[in-house]
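The structure appears right after this line, and notes come after that.
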Amino acid sequence: MTTFLQQLVNGLSLGSIYALIALGYTMVYGVLRLINFAHGDVYMVGAYVGYFLSRRLQGGGPSLVSALLVMLGSMIACALLGILIERLAYRPVRREARLTLLITAIGVSLFIENVAQLVFGADPKFFPSLAPRADFIVAGVRLTSEQITVIVVSFLLMLLLRFFIMKTRTGKAMRAVSFSLDAARLMGISTDWIISVTFALGSALAAAAGVLIGMQIPKIDPLMGIMYGLKAFVAAVLGGIGSIPGAVLGGLLIGTSEVMVVGYLSSTYREAIAFGILILVLILRPQGLLGRVQKEKV
Amino acid sequence: MKGLLAAGAVIAMLLLVNGLLSGGLLPGVSMSPYILQVLCLAGINITLAVSLNLINGFTGQFSIGHAGFMAIGAYSGAYFTVTFGDRLRSIFALLPEFGRESVVLLVALSIGAVLAAIAGFFVGVPSLRLRGDYLAIVTLGFGEIIRVFILNIDAVGGARGYGGIPKLANFFWIYFFAAATILVVYRIVHSSFGRTLVAIREDEIAAEAMGVHTTRAKVISFVVSSAMAGVAGGLFAHYLMYVHTNSFSFLRSFEIIIMIVIGGLGSISGSVLGAVLFISLTEGLREFAQYRMVLFSLMLIVLMIVRPQGILGHKEFVTFLTKRRRPIGGAPGTTGT
Numbered sequence: 007m008t009t010f011l012q013q014l015v016n017g018l019s020l021g022s023i024y025a026l027i028a029l030g031y032t033m034v035y036g037v038l039r040l041i042n043f044a045h046g047d048v049y050m051v052g053a054y055v056g057y058f059l060s061r062r063l064q065g066g067g068p069s070l071v072s073a074l075l076v077m078l079g080s081m082i083a084c085a086l087l088g089i090l091i092e093r094l095a096y097r098p099v100r101r102e103a104r105l106t107l108l109i110t111a112i113g114v115s116l117f118i119e120n121v122a123q124l125v126f127g128a129d130p131k132f133f134p135s136l137a138p139r140a141d142f143i144v145a146g147v148r149l150t151s152e153q154i155t156v157i158v159v160s161f162l163l164m165l166l167l168r169f170f171i172m173k174t175r176t177g178k179a180m181r182a183v184s185f186s187l188d189a190a191r192l193m194g195i196s197t198d199w200i201i202s203v204t205f206a207l208g209s210a211l212a213a214a215a216g217v218l219i220g221m222q223i224p225k226i227d228p229l230m231g232i233m234y235g236l237k238a239f240v241a242a243v244l245g246g247i248g249s250i251p252g253a254v255l256g257g258l259l260i261g262t263s264e265v266m267v268v269g270y271l272s273s274t275y276r277e278a279i280a281f282g283i284l285i286l287v288l289i290l291r292p293q294g295l296l297g298r299v300q301k302e303k304v
Numbered sequence: 356m357k358g359l360l361a362a363g364a365v366i367a368m369l370l371l372v373n374g375l376l377s378g379g380l381l382p383g384v385s386m387s388p389y390i391l392q393v394l395c396l397a398g399i400n401i402t403l404a405v406s407l408n409l410i411n412g413f414t415g416q417f418s419i420g421h422a423g424f425m426a427i428g429a430y431s432g433a434y435f436t437v438t439f440g441d442r443l444r445s446i447f448a449l450l451p452e453f454g455r456e457s458v459v460l461l462v463a464l465s466i467g468a469v470l471a472a473i474a475g476f477f478v479g480v481p482s483l484r485l486r487g488d489y490l491a492i493v494t495l496g497f498g499e500i501i502r503v504f505i506l507n508i509d510a511v512g513g514a515r516g517y518g519g520i521p522k523l524a525n526f527f528w529i530y531f532f533a534a535a536t537i538l539v540v541y542r543i544v545h546s547s548f549g550r551t552l553v554a555i556r557e558d559e560i561a562a563e564a565m566g567v568h569t570t571r572a573k574v575i576s577f578v579v580s581s582a583m584a585g586v587a588g589g590l591f592a593h594y595l596m597y598v599h600t601n602s603f604s605f606l607r608s609f610e611i612i613i614m615i616v617i618g619g620l621g622s623i624s625g626s627v628l629g630a631v632l633f634i635s636l637t638e639g640l641r642e643f644a645q646y647r648m649v650l651f652s653l654m655l656i657v658l659m660i661v662r663p664q665g666i667l668g669h670k671e672f673v674t675f676l677t678k679r680r681r682p683i684g685g686a687p688g689t690t691g692t
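Quick note, the sequences are listed as chains A and B, same order. Add 6 to the 1-based position in the first sequence for the numbering used here, that's all there is to it. Add 355 to the 1-based position in the second sequence for the numbering used here, that's all there is to it.
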């Protein structure tokens, strides 16, 4: 039982990372119907910005203030990167076929990965510890301060996102655009601006995930975004792509099942479990757990 | 009869060129080994690009896991040659050496093709029932899973790579299969089944309404494409005599994607052109190797913005030069949602 609870805690903390990345996928898919391949790489850039910022700020050892600054700085940098990607690469082809958009996204992803290898170097870097760390033992379950931070920070960010989307004017406009881009434009919503905001929000969340993963698994490398990106995408599909609560649910489920499989079966299947789940979802419930069925029309 | 003559002529020409290049025909006349290797790798890339174009260009289903099927063909073919090659040679002991080696190679390639086709079937059936973008992710994931799976099989070397494969493939066989792939894809595309595939690409729902069994057609196209990738993988293994799972990562799949997108999705000669361009640029930019992929990815983005249909678009090279008007159906993918 204790082992199970321990695995559950580990799974939830990994799952919150997936959930944060999955939110970006699902939001962009909601407004543009595009699988943003480059999203995983934005997450990687977030981790690197966090790495360089914390190296710069770490004069007097780990402290909460510097941790917060690192997180904010990285989120802002990636929000700008997200806007830049959308403006330069996706906007010119937005009206083209979906395949064109998809190939562009693959191109952007490859571009970021290879530029990152040139700029940051291909070898992994080790993330410095940001906050003073401590371990807590609750009912035989070991909780590290990093795990608690990851879970708490991601849930705060998700609540903030929910508030933003449900209660603000911009959030309402985002929901309208994701319902129908053309109708929203006819209602006087500046769709270009809303799409930029969506990319900025999604990328900022990915950056936060990047800094959080840096605190938990301190090794970062320029290709780390690929696997995390793919699994987070699976999480978004599992929850129902386009659905924000779905992305969170999917992320937590994927993270937990991955940790359980590694814990109880074998770590060989670690990468396979997410895709196994994806195949099952696509066969049994293609709209995802919380998604709506969308009729295709000619 | 005309077809047989043409095939005979192509084979004779390939044999002639092969003899000239390897220096066996005219003593003193031979190509530098470096150029010969580049030419052979270009031939394998042509096979890969043309076969991927069948599913990505003509059927409009975006697969990015081609390297996985290539890996299956490479490893299973190589495993067969290393373990059972001698037994097969002793059965065909009466044949001359060239014939004996060819039999071994052909059996190895067929095994690779069949296994890759089976894998393609099991990947394709669940994912092809759905929209194209899902296929992209599923195939990418599966390509990686296949690679990790092979990496954990100790019988084929695991992380050490698999060496000691006899060099059975040469210029002749590589270009023989490149020509065969082009012929097979050409014949498929110009059959009524090919028109079914193009109908699915242009508008899946309309095709379904016209009575096309879309999933079945898509799966057939995917399986054929995977089998041909398996053949290319087998040739790759028997040419380089050593394979490692790193050669079959998603980067290889992306390279093949870049070739067919640059040449034009839905154009066979475009894929050949793309493969040749890609290899020439890769070899030409050897000094700037670390900037190469940056350049290619940038090219891909700019191409999508400026000319999304690729260099040739849907047209073949000959029609591209002679007829300047747009073919029926317009630019690729302007229809559909």
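For glycine and all other residues, C-beta sits at the position ideal for the given N, C-alpha and C.
Label residue i either buried or exposed according to how many other C-beta atoms from any shown protein chain fall within 10 Å of its C-beta, with 16 as the threshold for buried.
i      : result
B/G496 : buried
A/I143 : exposed
A/G17  : buried
B/S406 : buried
B/E642 : exposed
B/I683 : The predicted model places B/I683 with a pLDDT of 46, which falls under 50 and marks its position as unreliable; any figure quoted below should be read in that light. Answer is exposed; the Cβ neighbour count stays below 16.
A/A189 : exposed
B/T551 : buried
A/E119 : buried
B/E452 : exposed
B/T677 : exposed
B/T536 : buried
A/I250 : buried
A/A140 : exposed
B/V673 : exposed
A/M50  : buried
A/I289 : exposed
What residue does the alpha helix (DSSP H) around residue i start on, and which one ends it?
i      : result
A/D188 : 187–192
A/V125 : 104–126
A/D47  : 45–63
B/I555 : 547–557
A/I27  : 8–38
B/A572 : 569–595
B/F477 : 452–482
B/Q645 : 644–661
B/I419 : Looking at the DSSP string, B/I419 is not in any alpha helix (DSSP H), and its letter there is neither H nor E.
A/P251 : 250–270
A/S69  : It is not in any alpha helix (DSSP H) - A/S69 carries neither H nor E in the DSSP assignment.
Could you check where the beta strand (DSSP E) with residue i kicks off and where it finishes?
i      : result
A/L149 : 147–150
A/V217 : Looking at the DSSP string, A/V217 is not in any beta strand (DSSP E); the run it does join, the alpha helix (DSSP H), is 197–222.
A/I143 : 141–144
Is the beta carbon of residue j closer than 8 Å to that of residue i?
i      : j      : result
A/G252 : A/Y24  : no
A/F309 : A/S160 : Any answer about residue 309 of chain A is impossible in this case: the structure gives chain A only from 7 up to 304.
B/G498 : B/S626 : no
B/I501 : B/I401 : no
B/I399 : B/G432 : no
A/S60  : A/V76  : yes
A/A85  : A/A179 : no
B/I348 : B/F633 : No information on residue 348 of chain B is available, as it lies outside the stretch 356 to 692 that chain B covers here.
B/G440 : B/P388 : no
B/L658 : B/R647 : no
A/V183 : A/I200 : yes
B/I555 : B/T494 : no
B/A422 : B/F603 : yes
A/L124 : B/V649 : yes
A/I195 : A/Y35  : no
A/L278 : A/L26  : According to the sequence shown, residue 278 of chain A is Ala rather than Leu. No, the pair does not count as a contact, with Cβ atoms beyond the cut-off.
Less than 8 Å between the CB atoms is what I'm expecting for residue i and residue j, so what's the real figure, rounded?
i      : j      : result
A/V99  : B/I660 : 6 Å
B/F424 : B/A584 : 4 Å
B/E559 : B/T570 : Incorrect: roughly 10 Å between the Cβ atoms, too far for contact.
**Prompt:** Are at least three pairs of beta-carbons, each pair with one atom in the segment 161–178 of chain A and one in the segment 227–234 of chain A, less than 8 Å apart?
**Reply:** no
**Message:** Taking 8 Å as the cut-off, does the segment 434–453 of chain B touch the segment 607–623 of chain B (at least 3 CB pairs, one atom from each stretch)?
**Reply:** no
**Asked** How about the segment 26–33 of chain A and the segment 239–255 of chain A: do they share at least three Cβ pairs that are nearer than 8 Å?
**Response** yes
**Asked** Taking contact to mean at least 3 C-beta pairs separated by less than 8 Å, is the segment 577–589 of chain B in contact with the segment 464–478 of chain B?
**Response** yes
**Asked** Between the segment 104–122 of chain A and the segment 85–96 of chain A, do three or more beta carbon pairs fall short of 8 Å?
**Response** yes
**Asked** Per the contact definition of three or more C-beta pairs closer than 8 Å, is the segment 588–606 of chain B in contact with the segment 525–533 of chain B?
**Response** yes
**At least three beta-carbon pairs within less than 8 Å, the segment 539–547 of chain B to the segment 414–424 of chain B** = no
**Prompt:** Is the segment 658–676 of chain B touching the segment 128–135 of chain A in the sense that three or more CB pairs, one from each, lie closer than 8 Å?
**Reply:** no
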